[in-house]
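Colleague: Numbering (the working numbering), first residue to last: 76 to 633.
Glycine is no exception: its CB is placed at the ideal position from the N, C-alpha and C atoms.
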Amino acid sequence: MSLIMQLKQKLSLVNFQLPSCLSLILLITLVVFHKMHPFNLLNPNYVNWIYREDNSLLDIGQQVAAQNSFLSQDWRFPPGTLSNLGVWGNNSLLFSDAFPLTAYPIKILNSIFDFHNSTMQFYGINVFFGVLVTVSSAFGFVYWECKSILVASFTSFTIATLPQIFWVWSWPSLQIQGFLILAFWLCRLKDLKIKKFGWPALLFAVSMTHTYFVPMIGLFFLADLIISKKIIGKSTIFFKLIVGTNFVFLGTFLGGGFNAGLRGSSTGLDSIGLYASDWLIYFNSAGISAMVLPVTSIKNLTGFSYPGVGVFLLLLIAIMIKVQRKVIFTKSKNETVSSLFDVKYLFIAGFILFVVSIGPSFQFFGQEHLITENEFFLTPFSIFRVHSRFSWALPLFAIIWAVLILSRSFSHKVVVVIFALLLGVQQLELGNYYQNQKQVLSRLFASSDVSPGVLSSKLNPSIPMYFLPGFPSPLEISWRSSFMDFISEGGQLVNFAYINRFSTKRIQEANERIAEMSQLSTFESNSYLMVQNKSFVGITQRHKLIEQVEGWQLFYIY
76 MSLIMQLKQK LSLVNFQLPS CLSLILLITL VVFHKMHPFN LLNPNYVNWI YREDNSLLDI
136 GQQVAAQNSF LSQDWRFPPG TLSNLGVWGN NSLLFSDAFP LTAYPIKILN SIFDFHNSTM
196 QFYGINVFFG VLVTVSSAFG FVYWECKSIL VASFTSFTIA TLPQIFWVWS WPSLQIQGFL
256 ILAFWLCRLK DLKIKKFGWP ALLFAVSMTH TYFVPMIGLF FLADLIISKK IIGKSTIFFK
316 LIVGTNFVFL GTFLGGGFNA GLRGSSTGLD SIGLYASDWL IYFNSAGISA MVLPVTSIKN
376 LTGFSYPGVG VFLLLLIAIM IKVQRKVIFT KSKNETVSSL FDVKYLFIAG FILFVVSIGP
436 SFQFFGQEHL ITENEFFLTP FSIFRVHSRF SWALPLFAII WAVLILSRSF SHKVVVVIFA
496 LLLGVQQLEL GNYYQNQKQV LSRLFASSDV SPGVLSSKLN PSIPMYFLPG FPSPLEISWR
556 SSFMDFISEG GQLVNFAYIN RFSTKRIQEA NERIAEMSQL STFESNSYLM VQNKSFVGIT
616 QRHKLIEQVE GWQLFYIY
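#1: Is the segment 111-124 in contact with the segment 508-525, if contact means three or more CB pairs nearer than 8 Å?
#2: Look up Tyr508 in the DSSP assignment and say whether it is helix, strand or coil.
#3: Under 6 Å Cβ to Cβ from Lys619, same chain only, skipping five residues before and after it: list those, please.
#4: Candidates Leu97, Val243, Leu389, Trp219: which alpha carbon is nearest Leu498's?
#5: The alpha helix (DSSP H) with Val122 in it runs from where to where?
#6: What are the boundary residues of the alpha helix (DSSP H) that includes Lys268?
#7: From the DSSP output, read off the bridge partner residues of Asp353.
#8: Please determine, among Gln438, Ile427, Ser484, the residue with the shortest C-alpha to C-alpha distance to Trp467.
#9: Check Glu591 in the structure and name its three-state DSSP category.
#10: Any heavy atom of the ligand ATP within a distance shorter than 7 Å of the CB on Leu496?
#11: Quick test of your reading: Leu505 and Gly378, contact by CB under 8 Å. State the CB separation rounded to the nearest angstrom.
#12: Mind pulling the alpha helix (DSSP H) runs of 4 or more residues that sit fully within the segment 204-240?
#13: Going by DSSP, which residues form a beta bridge with Gln623?
#14: Output the distance between the C-alpha atoms of His191 and Leu297, rounded to the nearest integer angstrom.
#15: In terms of residue numbering, what span does the alpha helix (DSSP H) encompassing Asn185 cover?
#16: In the DSSP assignment, the alpha helix (DSSP H) including Ala477 goes from what residue to what residue?
#17: On a CA-only basis, which of Asn507, Pro153, Gln399, Gln514 is nearest Ile480? Give me that one, please.
#18: Under DSSP, the alpha helix (DSSP H) around Thr104 begins and ends at which residues?
#19: Within 10 angstroms of its Cβ, does Ser195 collect 16 or more other Cβ (buried), or is it exposed?
#20: Could you tell me how far apart the beta carbons of Leu168 and Gly331 are, in whole angstroms, since I believe they sit closer than 8 Å?
#21: Taking just the CA atoms, how far does Ala235 sit from Pro470?
#22: Straight-line CA distance for Ile493 to Val461?
#23: Quick check on Ile394: buried or exposed, where buried means 16 or more other Cβ atoms within 10 Å of its Cβ?
#24: For a quick check, are the C-beta atoms of Phe422 and Phe465 less than 8 Å apart?
#25: Considering just the uninterrupted stretch of the alpha helix (DSSP H) at Ile373, what are its terminal residues?
#26: To the nearest angstrom, how far is it from the Cα of Tyr198 to the Cα of Gln138?
#27: Asp299 lies in the alpha helix (DSSP H); which residues open and close that run?
#28: Return the CA-CA distance between Leu176 and Leu496, expressed in angstroms with no decimal places.
#29: Report yes if the C-beta distance between Leu278 and Ile292 is below 8 Å; otherwise report no.
#30: Classify Asp189 as buried or exposed, calling it buried when 16 or more other Cβ atoms lie within 10 Å of its own Cβ.
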């Protein structure tokens with residue numbers, strides 16, 4: 076019997092109401108998407124907002140530029156690299172946060188239908204896809220465990236609207252936190268055939284999405300192999316480990332993740348603790364709550380993980396049930412799903428990831444206490460620059476755990492009533508935050524009459540461009556519009572010294588090289604040079620002034 080037939084049979088056994096479930100998943104996805112963004116962002120040709128001078132769009136602009144670069148260039152080797160976006164070497168989809176998981180299907184479609192004939196944006200589609208994966212994962216897993224469409228709907232909406240997901244609105248690839256739920260779902264499954272194909276597919280997908288998800292999902296993958304060793308055998312574990320690792324390498328390779336080489340990392344060892352979690356990170360509302368004051372001593376909010384009072388109350392109810400009925404980690408009579416991977420492993424995995432998010436800096440109330448200075452131990456934390464993001468796992472797991480406890484202790488109607496009340500509390504607490512965020516993003520993505528500018532028709536996208544100074548601050552100049560100003564009508568990009576998501580060592584080397592050329596007043600022939608007026612230097616080579624724009628002078632070096 077084929078795998079698809081087996082899956083259909085299993086779904087029919089649990090009375091899976093496919094049309095209703097799919098309709099609810101789509102409805103919840105649309106509601107959550109609109110809670111953040113206007114629907115016109117789903118139109119790839121809606122691009123006027125790109126050219127607005129707003130520093131909030133810098134990260135999105137980088138993604139738009141990279142995706143346009145990927146679409147406009149021919150298929151090349153190594154795949155996922157961007158020939159005209161970077162400095163002295165190729166950039167890549169992964170290093171520019173351009174979401175390879177969606178970029179590849181779009182490029183394949185473009186190869187067939189040839190629709191990419193101007194600058195386009197797929198930011199809205201990326202966000203929608205991320206929300207859809209998270210909602211589908213939460214809905215499907217809870218329905219599979221609890222057999223209640225309403226409970227699954229409330230749970231998926233609660234998870235998809237967590238503040239930690241809204242907080243990273245400008246990085247769609249970081250919003251697919253539903254991957255973590257899919258990983259736990261695979262752990263809970265007893266069907267080895269589904270696991271056989273499910274794990275490689277999931278590991279490939281996360282490696283084509285964002286590097287931070289790889290160790291999180293990898294932790295579950297290893298745990299599932301270890302716990303299942305009595306059934307599948309040690310030799311099979313080794314084989315599955317090799318297969319899973321190869322799929323991670325394949326996804327990373329296709330995304331251009333190896334393009335930066337192995338020299339240096341995304342941050343230096345002296346920056347350890349800069350993006351670490353604090354032990355109180357889950358209780359720091361950061362000013363978004365109408366009920367809980369922020370912990371002002373915690374300055375870094377990159378790995379923001381505050382779940383909200385409604386989620387805390389949900390956990391409190393579940394803990395009270397544990398104390399009174401002792402059903403948390405034991406098999407319930409009503410439980411229809413059995414698995415070697417018990418629910419308690421959720422907390423073990425979540426706590427491990429939380430400890431990793433804190434790292435060796437050991438922060439408490441914003442005070443840093445480095446527990447070691449050993450470079451071998453610190454290097455992994457420098458590779459994952461913002462390791463505070465590993466704290467995102469625990470709130471997701473806590474919600475799933477609480478839902479399972481409630482569904483095994485009360486009728487589904489009671490659980491739905493509890494969820495409705497808690498969502499009401501969540502709305503009272505965070506309603507203003509959601510509303511303010513929606514207003515800010517609506518203004519940010521509103522149509523603008525700002526045009527790409529005059530330079531796009533004067534530049535050759537195959538010629539590299541360098542800035543002086545080599546690392547301009549977008550706060551000092553109107554760099555935002557200058558960046559998009561150089562997108563040609565064909566969607567191609569010139570080389571930017573600044574637009575580079577390689578290691579900091581590579582960026583430092585590039586800027587040192589530009590500085591050396593500046594001191595010698597000798598620049599590479601057949602290149603563009605963008606010079607800020609106040610830092611103008613003499614050019615000894617033959618050159619031509621092409622344009623002056625926004626405090627910058629653009630030269631072509633013969």
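Modeller: Reading off the structure:
#1: yes
#2: On the sequence shown, position 433 is the one that residue 508 refers to. Helix, per DSSP.
#3: Translated into positions along the sequence shown, residue 619 becomes position 544. Within the same chain, Lys619 has close Cβ partners Tyr631.
#4: Mapped onto the sequence shown, residue 498 falls at position 423. Nearest of Leu97, Val243, Leu389, Trp219 to Leu498, Cα basis: Leu389.
#5: The sequence position of residue 122 within the sequence shown is 47, counting from 1. Careful: Val122 lies outside any alpha helix (DSSP H) and carries neither H nor E.
#6: On the sequence shown, residue 268 is found 193 positions in, with the first residue counted as 1. Its alpha helix (DSSP H) spans residues 267-282.
#7: The residue given as residue 353 occupies position 278 in the sequence shown. DSSP output for Asp353 lists Gln438 as bridge partner(s).
#8: By one-based count along the sequence shown, residue 467 stands at place 392. Of Gln438, Ile427, Ser484, the residue nearest in Cα terms is Ile427.
#9: Within the sequence shown, the letter at position 516 stands for residue 591. Reduced to three states, the DSSP call for Glu591 is helix.
#10: Absence of the ligand ATP is noted for the structure shown, with no ligands found whatsoever.
#11: The count along the sequence shown starts at 1 and reaches residue 505 at position 430. The count along the sequence shown starts at 1 and reaches residue 378 at position 303. About 18 Å separates the two Cβ atoms, so there is no contact after all.
#12: 224-235
#13: Translated into positions along the sequence shown, residue 623 becomes position 548. In the DSSP output, where bridge partners are listed per residue, Gln623 has Gln628.
#14: The sequence position of residue 191 within the sequence shown is 116, counting from 1. The sequence position of residue 297 within the sequence shown is 222, counting from 1. The straight-line gap from Cα to Cα measures roughly 41 Å.
#15: Here the question's residue 185 lines up with position 110 in the sequence shown. Asn185 -> alpha helix (DSSP H) spans 175-188.
#16: Locating residue 477 in the sequence shown gives position 402, where the first residue counts as 1. Ala477 -> alpha helix (DSSP H) spans 468-484.
#17: If you number the sequence shown from 1, residue 480 lands on position 405. Nearest option by C-alpha distance: Gln399.
#18: If you number the sequence shown from 1, residue 104 lands on position 29. Note, Thr104: alpha helix (DSSP H), 93-111.
#19: The residue you call residue 195 lines up with position 120 of the sequence shown. The question names Ser, yet the displayed sequence has Met at residue 195. Buried, because 16 or more other Cβ atoms sit within 10 Å of the Cβ of Met195.
#20: Working through the sequence shown from its first residue, we reach residue 168 at position 93. Working through the sequence shown from its first residue, we reach residue 331 at position 256. With 8 Å as the limit, Leu168 and Gly331 qualify as a contact, their Cβ atoms being about 5 Å apart.
#21: Counting from one through the sequence shown, the residue named residue 470 turns up at place 395. Counting from one through the sequence shown, the residue named residue 235 turns up at place 160. Cα to Cα, Pro470 sits roughly 12 Å from Ala235.
#22: Within the sequence shown, residue 493 is the residue found at index 418, counting from 1. Within the sequence shown, residue 461 is the residue found at index 386, counting from 1. In a straight line, the C-alpha of Ile493 is about 35 Å away from that of Val461.
#23: In the sequence shown, residue 394 corresponds to position 319, counting from 1. Ile394 comes out exposed.
#24: Here residue 422 refers to the residue found at position 347 when the sequence shown is read from its first residue. Here residue 465 refers to the residue found at position 390 when the sequence shown is read from its first residue. Not closer than 8 Å, so no.
#25: Taking the sequence shown and counting its residues from 1, the one referred to as residue 373 is at position 298. Element bounds for Ile373: n/a, residue is neither H nor E.
#26: In the sequence shown, counting from the first residue as 1, residue 198 sits at position 123. In the sequence shown, counting from the first residue as 1, residue 138 sits at position 63. The straight-line gap from Cα to Cα measures roughly 8 Å.
#27: In the sequence shown, the residue the question calls residue 299 occupies position 224. Element bounds for Asp299: 288-302.
#28: Mapped onto the sequence shown, residue 176 falls at position 101. Mapped onto the sequence shown, residue 496 falls at position 421. One C-alpha to the other measures close to 37 Å.
#29: If you number the sequence shown from 1, residue 278 lands on position 203. If you number the sequence shown from 1, residue 292 lands on position 217. In contact: Leu278 and Ile292 (Cβ atoms closer than 8 Å).
#30: Counting from 1 along the sequence shown, the entry for residue 189 is found at position 114. Classification of Asp189: exposed, given that the 10 Å Cβ count is below 16.
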